[in-house]
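No gaps in the numbering here: position 123 of the sequence shown is 184 in this note's numbering, and each next residue is one more.
See structure below.
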Amino acid sequence: MIDALAGHLAGAASVVALTGAGVSAASGVPTFRDAQTGLWARYDPMELATPEAFARDPQLVWSWYAWRRSLLARVWPNDAHIALAEWPGRVTVITQNVDGLHQRAGSKAVIELHGRLDRDRCSAVCGTRTPASAAESPPPCPHCGALMRPDVVWFGEALPEQALADALAAVRGADCVLSIGTSSLVRPAAELPWEALAAGVPVGEINTEATLLTGQARWSLRGRADQTLPALVAAIRQRRGDHHEP
Ligand code: BJW
């Protein structure tokens, strides 16, 4: 299967990689549907990542994000991020991750659908954005005084309009879309591979488990992204006769 996918990718001028939490798993960043650890084991991340949770208990939600931010300070891009950053050809990364690890690995064309953990924004309408605060409680907005919150997209909130438009254009115009390490459950990101299929663009999937997309993927590689992507890149290089000095 990997050879068949590499054969297609070796001839592709434009590839899109749609990435999810599974891509950062080997870096030590917990996925959303993994059991959480320690203090957070009794909370469901899906219930903390909502504007309702923040309105109800801003301190609880802020503390969860402070814990995740502290984890991020200790992690590094893994071989999956690096394989995408060193992709042999043009690749656009569309990521649902908020950890910035694709950019830290060196990827340049990255579309972030769900925001960034290293920024805060005003929870009211004034639109003020600041670097993430290390305060123990949500600080007041320097412009309007409302509480600041992490600059990420919660359930029920719209994705950044330009990022979503760019992502749609990228998948529709690609020669191949790879869906990597995502459960393919959270919309509208989960709809992007289906948009590609509707436009006649073939889709491949890399995941440790089957997802709702698996049956539609022309190539389905079952395995860890940090192992499968480097092998895929090596197979593409071999097909192209590239010689890469690591
Ligand atoms: C590996 C691996 C390895 C592991 N290698 N693989 C019914 C009720 C309420 C809402 C809805 C509803 N129906 C639809 C909705 C809409 C909702 C939605 O989709 N809900 C579904 C859950 C049903 N969507 C939204 O609300 C979105 N907004 C929206 O629709 O707005 C409409 C609107 C328009 C106009 C005005 C106003 C509104 C927003 C969605 C935002 C999602 N936000 C989060 C939090 C981000 C911030 C943060 O980080 O805290 O984004 S939720 C969470 O899920 C996070 C992720 O980016 C996202 C996707 O998760 P992902 O990446 O797929 O991770 P996992 O953990 O689910 O999966 C990991 C996968 O990796 C698994 O498959 C593993 O097998 C695999 N894996 N290790 C390879 N080593």
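Glycine included, every Cβ here is placed at the ideal spot set by N, Cα and C.
What's the gap between the Cα of residue i and the Cα of residue j?
| i | j | result |
| --- | --- | --- |
| A224 | I63 | 30 angstroms |
| A134 | T98 | 17 angstroms |
| W128 | G261 | 42 angstroms |
| I172 | A228 | 7 angstroms |
| A271 | D95 | 15 angstroms |
| G89 | L121 | 23 angstroms |
| P138 | D287 | 10 angstroms |
| W123 | A185 | 16 angstroms |
Taking C-beta to C-beta, are residue i and residue j nearer than 8 angstroms?
| i | j | result |
| --- | --- | --- |
| L220 | S245 | no |
| L174 | A250 | yes |
| G242 | G81 | yes |
| S240 | P254 | yes |
| A141 | L290 | yes |
| P112 | G217 | yes |
| G265 | L66 | yes |
Along the beta strand (DSSP E) that carries residue i, what are the first and last residues, could you check?
| i | result |
| --- | --- |
| T156 | 151-156 |
| L282 | 280-283 |
| R165 | Segment 162-166 is the alpha helix (DSSP H) holding R165; no beta strand (DSSP E) there. |
Hey, quick one: how far does the alpha helix (DSSP H) through residue i stretch, first residue to last?
| i | result |
| --- | --- |
| R177 | Counting along the chain, R177 falls outside any alpha helix (DSSP H), though it belongs to the beta strand (DSSP E) covering 176-183. |
| T269 | Looking at the DSSP string, T269 is not in any alpha helix (DSSP H), and its letter there is neither H nor E. |
| T289 | 286-301 |
| L133 | 119-133 |
| V84 | 82-86 |
Give the DSSP bridge partners of residue i, in chain order.
| i | result |
| --- | --- |
| C237 | V76 |
| M209 | C183 |
| V136 | For V136, which the question treats as bridged, DSSP gives no partner whatsoever. |
Inspect the CB distances between the segment 139-159 and the segment 76-85 and report whether three or more fall short of 8 angstroms. yes
The segment 168-182 contacting the segment 198-218, beta-carbon criterion three pairs below 8 angstroms: yes
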